[in-house]
Structures are given as C-alpha cells and as structure tokens.
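Below is the structure:
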C-alpha cells in the first residue's frame with residue numbers, strides 16, 4: 003500500500019479509535035472486493051461472479067454507514 007505525504011500525515015495526526023479501525027477495515031475490504039472482481043476472467047462462473055459482486059456491494063454499504071454504527 004502506498005501513501006502520499008497527506009495520507010501519512012493524516013494517519014499520524016488522527017487518534018487511533020474504534021471508529022477509525024472500523025473505517026480502515028471497511029476500506030481494506032472494499033479494496034479486496036474490487037481486486038477480486040477485477041481478477042475474474044471471462045471464464046468465471048456466474049455464481050462466482052455473483053458472489054464477488056455481493057462482496058463488493060456489502061463493502062460499499064459498510065462504508066456508507068455512519069462510523070458509530072459500523073463498529
């Protein structure tokens with residue numbers, strides 16, 4: 003994972019809290035879900051594609067929740 007100076011400064015300045023950890027976990031899950039979907043080729047079965055899309059949708063919904071509810 004790469005960070006630019008603004009991201010690194012924000013990570014240092016931001017206190018570690020449950021909400022922050024939940025947000026970071028949701029961000030990681032969204033990244034992983036996108037990578038999984040992108041890795042599927044044209045030969046992927048419809049059920050595999052559907053599971054990957056469901057994972058992506060769940061990760062997106064988790065990020066839309068208020069942080070206090072995501073924890």
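Numbering (the numbering used here), first residue to last: 3 to 73. Glycine included, each C-beta is placed from N, C-alpha and C at the ideal position. From a predicted model like this one, the values you see are computed outputs, not experimental measurements.
Measuring straight from C-alpha to C-alpha, what distance separates residue i and residue j?
{"i": "residue 30", "j": "residue 43", "result": "22 Å"}
{"i": "residue 58", "j": "residue 66", "result": "13 Å"}
{"i": "residue 52", "j": "residue 61", "result": "14 Å"}
{"i": "residue 55", "j": "residue 23", "result": "24 Å"}
{"i": "residue 26", "j": "residue 32", "result": "10 Å"}
{"i": "residue 36", "j": "residue 46", "result": "15 Å"}
Within a Cβ cutoff of 7 Å, which residues of the same chain sit near residue i, ignoring the five residues on either side of it in sequence?
{"i": "residue 50", "result": "42"}
{"i": "residue 28", "result": "61, 64, 65, 72"}
Between residue i and the rest of its own chain, which residues show a CB-CB distance below 6 Å, the 5 nearest in sequence each way excluded?
{"i": "residue 63", "result": "none"}
{"i": "residue 39", "result": "54, 58"}
For the alpha helix (DSSP H) containing residue i, name the first residue and the last one.
{"i": "residue 58", "result": "48-66"}
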